[in-house]
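Quick note on the numbering used here: the sequence shown kicks off at 98 and runs consecutively. Think of the CB as a built atom: it goes at the ideal place given N, C-alpha and C, for glycine as much as any other residue. The model shown is predicted, which means the values in this text are computed figures rather than measured ones. To start, the structure itself, in structure tokens.
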Amino acid sequence: MHWTNPATTAFDELRTAPWVRFSVLALSSIFFLVDPFAAIGSFLAITEHADEGRRKRMARKAAITCFIVLTSFAIAGQLIFRMFGITLPAFEVAGGLILLLIGLDMLEAKRSPTQEASGDTEEASHKEDAGIVPLGIPMLAGPGAISSVMVLVGQVGGLWRWEMGAILGSIAITALVSYWVLGAAGRVRAVMGETGIRILVRIMGLLLVALAMQFFVNGLVDLGIIAHQG
98 MHWTNPATTA FDELRTAPWV RFSVLALSSI FFLVDPFAAI GSFLAITEHA
148 DEGRRKRMAR KAAITCFIVL TSFAIAGQLI FRMFGITLPA FEVAGGLILL
198 LIGLDMLEAK RSPTQEASGD TEEASHKEDA GIVPLGIPML AGPGAISSVM
248 VLVGQVGGLW RWEMGAILGS IAITALVSYW VLGAAGRVRA VMGETGIRIL
298 VRIMGLLLVA LAMQFFVNGL VDLGIIAHQG
């Protein structure tokens, strides 16, 4: 008689459960695109002459802006698809290409131009409050993160499905972690060091490239350009 460990069986069932797989996909894709660790350098440069209290306020505004922008696109995603006649496969292909470009930049441990244009940091350092622009958008909630949210929303059957809860929960968790990371940016960089942050960004970039290719392939399969395997 073959004996199976109940804990192993329960873990396998949990790991393969649709809600677990979709939730992990949503959280990882959104978090990797927002990537608050890669924004630490820019945040510290922008807030170089700010005291600790002002830094935390700017980090809070950036996180709230990120949450509002991504949540707005998540809620309005289906309407946007219908309004412009955009199909999910087409957006998967376009979104996959955008994520691929961002992921390739992350592999080189640098910020993508879609998240931070040249001169943004210098210009923002002279603003009284740069928490909303450019920190909140586009440094955190940039085109890549918005595209990822839109692709995820396109896979949801309706606004009141459990998948939408997973997407909104992932956005909330990402915004909260972004506030913690940026609010303690100085300590985070001191603990991890520049090398540690670069390694983390490269790992996230590698995973993002794989995710981008999956979005791209899914779009091609849905369009019927390549055959579905399995």
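For R258, there is no enclosing alpha helix (DSSP H), since its DSSP letter is neither H nor E. I323 counts as exposed, since fewer than 16 other beta carbons sit within 10 angstroms of its beta carbon. By the neighbour-count criterion, in which 16 or more other beta carbons inside 10 Å mark a residue as buried, F188 falls on the buried side. If you draw a 10 Å sphere on the C-beta of R118, you find fewer than 16 other C-beta atoms in it, and that means exposed.
By the criterion of a C-beta distance shorter than 6 angstroms, L232 is surrounded in its chain by A159, once the five residues flanking it on both sides are discounted.
Bounds of the alpha helix (DSSP H) holding K153 are E149 to F181. Residue burial is scored here from C-beta neighbours: S169 has fewer than 16 other C-beta atoms within 10 angstroms and is therefore classed as exposed. Between the alpha carbons of F134 and I165 lies a distance of about 20 angstroms.
In the structure shown, the three-state DSSP call for D319 is helix.
Rounded to whole angstroms, M155 and V246 show a C-alpha spacing of 24 angstroms. In this structure, A282 and F128 do not form a Cβ contact; the two beta carbons are roughly 17 angstroms apart against a cut-off of 8 angstroms. In the three-state DSSP reduction, Q252 falls in the coil class, being neither helix nor strand. Per DSSP, the unbroken alpha helix (DSSP H) holding L124 starts and ends at P115 to V131.
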